[in-house]
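Let me begin by presenting the structure, written as structure tokens, before commenting on it.
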Amino acid sequence: MERSERLERLKVLLRDALALLGEDPEREGLRRTPERWAETLLACTQGYAEDPQKHLRAIFQLDEDDYPLGSEDMVLVDNIEFTSTCEHHMSPFRGVAHIAYIPNPESRVIAGLSKLSRVVEVFARRLQLQERMTHQIARAIDDHLRPLGVIAVVQAVHHCMEQPGVEQRSSVTLTTARRGVFLERPETEARFQEYLRLRLDAGKM
Ligand SMILES: [Zn+2]
0 MERSERLERL
10 KVLLRDALAL
20 LGEDPEREGL
30 RRTPERWAET
40 LLACTQGYAE
50 DPQKHLRAIF
60 QLDEDDYPLG
70 SEDMVLVDNI
80 EFTSTCEHHM
90 SPFRGVAHIA
100 YIPNPESRVI
110 AGLSKLSRVV
120 EVFARRLQLQ
130 ERMTHQIARA
140 IDDHLRPLGV
150 IAVVQAVHHC
160 MEQPGVEQRS
170 SVTLTTARRG
180 VFLERPETEA
190 RFQEYLRLRL
200 DAGKM
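Residue 80 in numbering that gives the first Met the number 0 sits at position 81 of the sequence shown, and the numbers go up by one each step.
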């Protein structure tokens, strides 16, 4: 279905929703609310139409001399900001993702650095579970770059945790997904955590 048609149909439904809440959808302040609401819903779910592999197609290859066999050096991008939508409550959760991978010394394939944040965005712009999103990010990188290992760590605050009855305003949810050497060797994950700490020590650069 065309985007414009989906927008129109959502507007009708959301106008009804306002009326069901006891509101007058025709009053000045609400007249354009169904349209804005529908635009927001479509923006929050536009990741369905995108293939994360599209962003991982822009790959580069390190020279054999620069990254010899036996290398296990890490590429780490931290604090990738995102906003996603909790599928259980249709409410936002927002936070940061930290991603690291170790290129395979046989293929020596690396991704453009900005592409890692694009992969996060593709998965964030869907109705999500934080746990699933974390694994989807790691899997997409694993499938396409075939690194020795990949780790994704996501830290997020969930609006649904702040709602009446739950009221856990200071809770941060942390999820991890590990593949390859990150799964097999705890010292590799320890190295990743050490690098994250270095970044925290450096503060704002
Ligand atoms: Zn929720």
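For each residue, glycine too, the CB sits at the ideal point set by N, CA and C.
Validate contact between the region 26–42 and the region 62–73 using beta carbons, cut 8 Å, 3 pairs
no
Which of helix, strand or coil DSSP assigns to leucine 61
To locate residue 61, count along the sequence shown from 1; it is residue 62. In the structure shown, leucine 61 sits in coil (DSSP, three-state: anything other than H, G, I, E or B).
In three-state terms, what does DSSP make of glutamate 143?
Counted from its first residue, the sequence shown places residue 143 at position 144. Residue 143 is actually histidine in this sequence, not glutamate. Reduced to three states, the DSSP call for histidine 143 is helix.
Aspartate 72, enclosing alpha helix (DSSP H) - first and last residue:
Sequence index remark: in the sequence shown, residue 72 carries index 73 (1-based). It is not in any alpha helix (DSSP H) - aspartate 72 carries neither H nor E in the DSSP assignment.
Based on the DSSP secondary-structure assignment, which residues constitute the bridge partners of phenylalanine 92?
Within the sequence shown, the letter at position 93 stands for residue 92. Looking at the DSSP assignment, phenylalanine 92 forms a beta bridge with Ser83, His157.
Distance, Cα to Cα, asparagine 103 vs glutamate 166?
One-based indexing of the sequence shown puts residue 103 at position 104. One-based indexing of the sequence shown puts residue 166 at position 167. Their backbone Cα atoms lie some 45 Å apart in a straight line.
Between the Cα of cysteine 159 and the Cα atoms of Val149, Gln192, Phe191, Ser83, which residue gives the shortest distance?
Your numbering for residue 159 matches position 160 in the sequence shown. Among Val149, Gln192, Phe191, Ser83, the Cα nearest to that of cysteine 159 is on Ser83.
Can you check which of these residues, Ser3, Glu4, Thr32, is closest to leucine 13 by C-alpha distance?
Working through the sequence shown from its first residue, we reach residue 13 at position 14. Checked all of Ser3, Glu4, Thr32; the closest Cα to leucine 13 is Thr32.
For cysteine 43, is the beta carbon positioned less than 7 Å from some heavy atom of ligand 1?
Looking up residue 43 in the sequence shown gives position 44. No, Cβ of cysteine 43 sits at least 7 Å from all heavy atoms of ligand 1.
Please classify aspartate 77: does DSSP put it in a helix, a strand, or coil?
Position 78 of the sequence shown, counting from 1, holds the residue named residue 77. Strand, per DSSP.
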